[in-house]
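Respectively, the protein sequence lines represent chains A and B. Take any residue in the first sequence, count from 1 to its spot, add 132: that is its number in the working numbering. Take any residue in the second sequence, count from 1 to its spot, add 32: that is its number in the working numbering. To start, the structure under review is shown below, and the notes come after it.
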Amino acid sequence: GAVVSQHPSRVICKSGTSVKIECRSLDFQATTMFWYRQFPKQSLMLMATSNEGSKATYEQGVEKDKFLINHASLTLSTLTVTSAHPEDSSFYICSAWRDIAYEQYFGPGTRLTVT
Amino acid sequence: AQSVSQHNHHVILSEAASLELGCNYSYGGTVNLFWYVQYPGQHLQLLLKYFSGDPLVKGIKGFEAEFIKSKFSFNLRKPSVQWSDTAEYFCAVMDGLTGGGNKLTFGTGTQLKVEL
Numbered sequence: 133g134a135v136v137s138q139h140p141s142r143v144i145c146k147s148g149t150s151v152k153i154e155c156r157s158l159d160f161q162a163t164t165m166f167w168y169r170q171f172p173k174q175s176l177m178l179m180a181t182s183n184e185g186s187k188a189t190y191e192q193g194v195e196k197d198k199f200l201i202n203h204a205s206l207t208l209s210t211l212t213v214t215s216a217h218p219e220d221s222s223f224y225i226c227s228a229w230r231d232i233a234y235e236q237y238f239g240p241g242t243r244l245t246v247t
Numbered sequence: 033a034q035s036v037s038q039h040n041h042h043v044i045l046s047e048a049a050s051l052e053l054g055c056n057y058s059y060g061g062t063v064n065l066f067w068y069v070q071y072p073g074q075h076l077q078l079l080l081k082y083f084s085g086d087p088l089v090k091g092i093k094g095f096e097a098e099f100i101k102s103k104f105s106f107n108l109r110k111p112s113v114q115w116s117d118t119a120e121y122f123c124a125v126m127d128g129l130t131g132g133g134n135k136l137t138f139g140t141g142t143q144l145k146v147e148l
């Protein structure tokens with residue numbers, strides 16, 4: 133089956149610093165990737181849609197200047213959390229849209245802790 | 033805007049018991065419906081999906097779901113659960129029309145625990 137990876141799986145950073153999370157589709161090309169945030173015991177909240185070669189589309193209430201998304205190639209999207217604060221601590225999950233299967237394939241997630 | 037409700041937040045069953053997890057959505061247009069499972073420490077995996085046709089959809093690992101349009105529901109079922117089914121289950125809805133951006137709206141999830 134289609135595989136999506138995320139790196140790193142866990143990251144701890146200090147308040148005020150930036151952290152980059154990578155999402156890769158390993159065996160298929162994805163023109164569209166999605167970034168979600170999942171709080172403990174809660175559902176996945178869509179943050180933004182990442183489109184290869186164009187600007188990301190952010191959901192209402194998501195700060196685009198804080199959560200920078202770059203879809204540099206058909207297999208890689210990155211999420212950079214800028215000037216991180218403790219309230220940004222969360223589980224971030226990406227997914228990649230596979231046209232042929234008409235579904236999203238999910239990465240394993242990245243646990244971000246901001247101290 | 034779409035919304036998805038999963039009424040059961042925590043379900044505990046004994047092995048071999050039957051399972052039904054509720055999922056209701058609010059959206060007046062054409063929808064595509066999904067059930068995902070998240071095993072402890074693992075990524076979300078697709079159990080089954082419905083786009084059109086037979087409203088009774090069969091998925092992996094013995095799961096099935098029935099789309100009832102009049103009730104805006106897409107409940108997940110399994111006749112006999114196993115301990116290995118312990119996981120979190122998410123219902124999700126996608127706008128079925130082109131231009132919807134293939135975005136998913138997730139329900140809050142149901143934590144299923146199967147006891148031996």
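Where is the CB? At the ideal position from N, CA and C, for every residue including glycine.
Boundaries of the beta strand (DSSP E) harbouring residue 56 (chain B): 56-58, taken from the DSSP string.
Secondary-structure assignment with DSSP links residue 205 (chain A) through a beta bridge to A:208. In the DSSP assignment, residue 217 (chain A) falls outside any beta strand (DSSP E), carrying neither H nor E. Chain B places a beta carbon closer than 8 Å to that of residue 229 (chain A), counting this residue as a contact.
As far as DSSP is concerned, residue 50 (chain B) takes part in no beta bridge. The beta carbon of residue 85 (chain B) sits closer than 8 Å to none of the beta carbons in its chain outside the five residues before and after it. DSSP lists B:105 as the bridge partner or partners of residue 100 (chain B). Within 10 angstroms of the beta-carbon of residue 52 (chain B) lie fewer than 16 other beta-carbons, which makes it exposed. Here residue 112 (chain B) really is in contact with residue 48 (chain B); their C-beta atoms are around 5 Å apart, less than 8 Å. If you draw a straight line from the Cα of residue 194 (chain A) to the Cα of residue 213 (chain A), it is about 12 Å long. The C-alpha of residue 170 (chain A) lies about 6 Å from the C-alpha of residue 224 (chain A). Contact annotation: the stretch 170-184 of chain A touches the stretch 127-141 of chain B, with at least three C-beta pairs closer than 8 Å. With a cutoff of 8 Å on beta-carbon distance, residue 153 (chain A) and residue 208 (chain A) are scored as not near each other. Less than 8 Å separates the beta-carbon of residue 222 (chain A) from that of residue 244 (chain A).
Against chain A, the CB of residue 75 (chain B) has a partner CB under 8 Å away; the residue lies at that interface. For the set B:65, B:105 and B:100, the Cα lying nearest the Cα of residue 81 (chain B) is the one of B:65. For the stretch 113-124 of chain B, the set of positions with a beta-carbon nearer than 8 Å to some beta-carbon of chain A reads 122 in chain order. Residues of the stretch 173-184 of chain A whose Cβ lies closer than 7 Å to any Cβ of chain B, in chain order: 174, 175, 176, 178 and 181. Between residue 236 (chain A) and residue 166 (chain A) a beta carbon distance of about 6 Å is seen, short of the 8 Å cut, so the two are scored as contacting. Annotated three-state conformation of residue 127 (chain B) is strand, per DSSP. Any Cβ of chain A closer than 8 Å to the Cβ of residue 145 (chain B) would place that residue at the interface, and such an atom is absent. Looking from the CA of residue 142 (chain B), the closest CA among B:123, B:127 and B:148 belongs to B:123.
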